[in-house]
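Notes follow once the structure below has been shown.
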Amino acid sequence: MVDCSFNVWRGLMRSHVLATAALFLCCSSVSFATEFSFHPSLAVSEEYTDNVLERSTDKKSDFITRVLPGISLLYKAPRWDWDGRYTFDYRYYAKRNRSDEITHDAAVKGQIRVVDEFFFVDLDEIYKKVSLDVTRDNTGESLFFNQSDRNTFTVSPYFVWRLNPKAKLKTGYRYMNTWYKEPTGVDRTDHSGFGELAYEITPRTTFTAGYTFTHQDSSLNDYDKHDGYVGGRYEFDERSYLFGQVGYTSIRYDFGQNVGNVFWNAGFSKTFDSLTAHVNTGVKYTEDPQSNLTKETFYSGGLDYLFGRGEASLFLNYSDFDRIGPGTIDTTRYTAGVRARYELVPSLTGSAGFEADNFVRSYMLNTPRRYFATASLSYLLSEGFTLTATYIYVDYYSPTVVGDNREINRAILELRKIF
């Protein structure tokens, strides 16, 4: 039986931007739009999984039927822009290993130009399923494991000051509200004031600097955060660039703890005909669904190759996660992977990918690893009408925690029509 209780719909009803956009469009004439498009869609899929509950033992298979009606909308007018999409996701488990599920996926962006080229208001709202573990994203491999629906609403009025033909200053305020359906997620509200300076030294060289103050109220801990940075970007040819940014973060929690750290973000991208090489490193403070902030130090690199009827990518990543404030998390993740896509014939495209992760958790003396493989074929039946077959394989292994060991095979057949 489908759970149609108030709690299922509460998250969707929080969709402030979606409601505002719908009201505006209902009250406005499309004739004022310089660009307008509206596309309904419908997808129906059938999935077989040999481990629907994602257990290490007592595995149970199931067939999952999904129905996904959706819409996408683009509206551009002299003073308003709206770009949005919404998908309703109904899931039926034939063997009743899980109750039927309803979830939503929505993203809406809007911009109001109050005073042309000077005073703007940006609105943004995203409702989707997210992983509750900041160190790994489970949404690509599982429909539900360690996930929650999340709604993030942002509104930001700001001014753009043209100091001279080469310098631009942006100052404003940002309000962001984050809500999680699962009780383990930390709901939070951010109030931020910011200033960002960009100066064009030469047509290929830009200097940037900025400062942001953020006060966060949350269901866990409140804090005040100061971020200041300087940086730059240099384009050394048409498709290649070098960038760098360094700054300092100061955080004061309401329970008295003070944290201060340097952060940075630097890298380059170089294109050689059909091959692009890119390297990136940095320190950033990520919103942790189950805490306030987690410090991530990362190093990544990759190669992207374009050829006649397809593309291929190779990537490597190292990330170290340290939770800031109460709670213990000290996890290092090593990732290597490859992806490829190839057009077999004009109406048939194949794609495949493989990732290997190794996690080092010092606080548990646990080093699990993960293999994740995908393969798919997509056939264009007619304009906007596709048939896609997908296979997903997931394998987790832990030498010390037997419950972490699980293997999952999923086969999915989907029909999708965009009107």
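Residues -33 to -1, 1 to 386, numbered by mature numbering (1 follows the signal peptide of the UniProt record, and there is no 0), are exactly what the sequence shown covers, in order.
A virtual CB, placed ideally from N, CA and C, is assigned to each residue, including glycine.
Source: prediction; values computed, not measured.
Check                                                                                                                                                                                        : Outcome
Nearest to Gly152 by CA position, among Val88, Leu187, Thr106, is which residue?                                                                                                             : Leu187
Can you give me the Cβ contacts of Thr353 inside the same chain, cut-off strictly under 6 Å, excluding the 5 residues immediately before and after it?                                       : Ser345, Leu347, Arg383
On the three-pair Cβ rule with 8 Å, is the segment 76 to 94 touching the segment 102 to 112?                                                                                                 : no
Please go through the same chain and pick out, in chain order, the residues whose beta-carbon is closer than 6 Å to the beta-carbon of Asp91, but skip the five residues on each side of it. : Lys76, Thr121
Which stretch, first to last residue, makes up the beta strand (DSSP E) that contains Pro170?                                                                                                : No beta strand (DSSP E) contains Pro170, which DSSP labels as neither H nor E.
Tell me the residue span of the beta strand (DSSP E) that contains Val19.                                                                                                                    : Neither: Val19 is in no beta strand (DSSP E) and is coded neither H nor E.
Inspect the beta-carbon positions of Thr32 and Tyr59 and report whether they are closer than 8 Å.                                                                                            : yes
Quick check on this structure: which residue in Thr1, His6, Ser12, Ser39 has the alpha carbon closest to the alpha carbon of Trp47?                                                          : Thr1
Cutting at 6 Å between CB atoms, please list the residues of its own chain near Val119, excluding the five before and the five after it.                                                     : The sequence shown places Thr at residue 119, not Val. Excluding sequence neighbours, Thr119 sits near Ile93, Thr145.
State the Cα-Cα distance for the pair Val327 and Thr264, rounded to the nearest angstrom.                                                                                                    : 14 Å
Give me the DSSP bridge partner(s) of Arg290.                                                                                                                                                : Thr261
Does DSSP put Asp371 in a helix, in a strand, or in coil?                                                                                                                                    : helix
What runs of the beta strand (DSSP E), each 3 residues or longer, lie entirely inside the segment 184 to 255?                                                                                : 190 to 204, 207 to 220, 225 to 239, 242 to 254
Assuming Asp29 contacts Ala61 (C-beta within less than 8 Å), just tell me the rounded distance between them.                                                                                 : 6 Å
Less than 8 Å between the beta carbons of Thr261 and Phe288, yes or no?                                                                                                                      : yes
Taking only the alpha-carbon atoms, compute the straight-line gap between Arg290 and Gly177 and give it to the nearest angstrom.                                                             : 25 Å
Is it right to say Val66 is buried, meaning 16 or more other beta carbons lie within 10 angstroms of its own, or is it exposed?                                                              : Per the sequence presented here, residue 66 reads as Ser, with Val not at that position. With fewer than 16 Cβ atoms within 10 Å of its Cβ, Ser66 is classed as exposed.
Tell me, to the nearest whole angstrom, how far the beta carbon of Pro335 is from that of Tyr360; I am working on the premise that it is less than 8 Å.                                      : The pair is not a contact, with the Cβ atoms about 17 Å apart (cut-off 8 Å).
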